[in-house]
Amino acid sequence: MGSLATLLWLVNVVLDTGGQLAFKAAASDPQDGEGLQRWKHMFGRPWLWLGIACYVLEFVAWIAFLSLVPLSQGVLLGSINIVALMVAGRILFRERLTPLRVTGMLLVSAGVAVVGAGT
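Residue 79 in full-length UniProt numbering sits at position 79 of the sequence shown, and the numbers go up by one each step.
What follows is the structure, encoded as structure tokens:
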């Protein structure tokens, strides 16, 4: 994989993870309320808009990345987002990493490493 493809891959991982974390932050305010009030509160928070911006930029980075690598490899390499998100969720939101989840993360990481080594 070339240096531009690697850079676009890393940008994609950062933007996807950042977008997911921003959405989680927007949706996890305990003062949100219920129903329509909750949605109004979320739309007023910058986290929601940061998440949307990350996803728009990620879409551009993803298309650019896929233009440089075969689709089958690109999708498999994109799977590392799952690992980045689980680690970030643990650090920022104190989400649990059970032995089964850690095993899954290791398997995904191994798969990405194998695919990455073959490009």
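Note that CB positions come from ideal geometry on N, CA and C, so glycine has one too.
task: Answer with buried or exposed for Trp-49, where buried requires no fewer than 16 other C-beta atoms within 10 angstroms of its C-beta.
output: Exposed, because fewer than 16 other Cβ atoms sit within 10 Å of the Cβ of Trp-49.
query: Quick one: what does DSSP say Ser-28 is sitting in, helix, strand or coil?
result: Coil, per DSSP.
message: By alpha-carbon positions, which one of Ser-67, Val-87, Ala-117 ends up nearest to Gln-20?
response: Among Ser-67, Val-87, Ala-117, the Cα nearest to that of Gln-20 belongs to Val-87.
task: Kindly confirm or deny that the stretch 53-70 and the stretch 102-113 touch, where touching means at least three C-beta pairs closer than 8 Å.
output: These segments do not touch.
message: Between the stretch 70-79 and the stretch 39-47, can you find at least three pairs of beta-carbon atoms closer than 8 Å?
response: Flag = no, the stretch 39-47 and the stretch 70-79 do not touch.
message: For Thr-103, report the span of its alpha helix (DSSP H) as first-last.
response: Run containing Thr-103: 99-117, per the alpha helix (DSSP H) assignment.
task: Starting from Leu-76, follow the alpha helix (DSSP H) in both directions and report where the run begins and ends.
output: 71-78 is the extent of the alpha helix (DSSP H) around Leu-76.
task: Give a yes or no on whether the C-beta atoms belonging to Leu-97 and Arg-90 are separated by under 8 Å.
output: The criterion of a C-beta distance shorter than 8 Å is satisfied by Leu-97 and Arg-90.
Local conformation of Gly-18 per DSSP, three classes: Helix.
- request: To the nearest angstrom, report how far apart Lys-40 and Leu-15 are at their CA atoms.
  value: So the alpha carbons of these two residues sit roughly 25 Å apart.
field: Where Met-1 sits in the DSSP three-state scheme
entry: Reduced to three states, the DSSP call for Met-1 is coil.
- prompt: Can you tell me where the alpha helix (DSSP H) with Glu-58 in it begins and where it stops?
  reply: According to the DSSP assignment, Glu-58 belongs to the alpha helix (DSSP H) that extends over 46-66.
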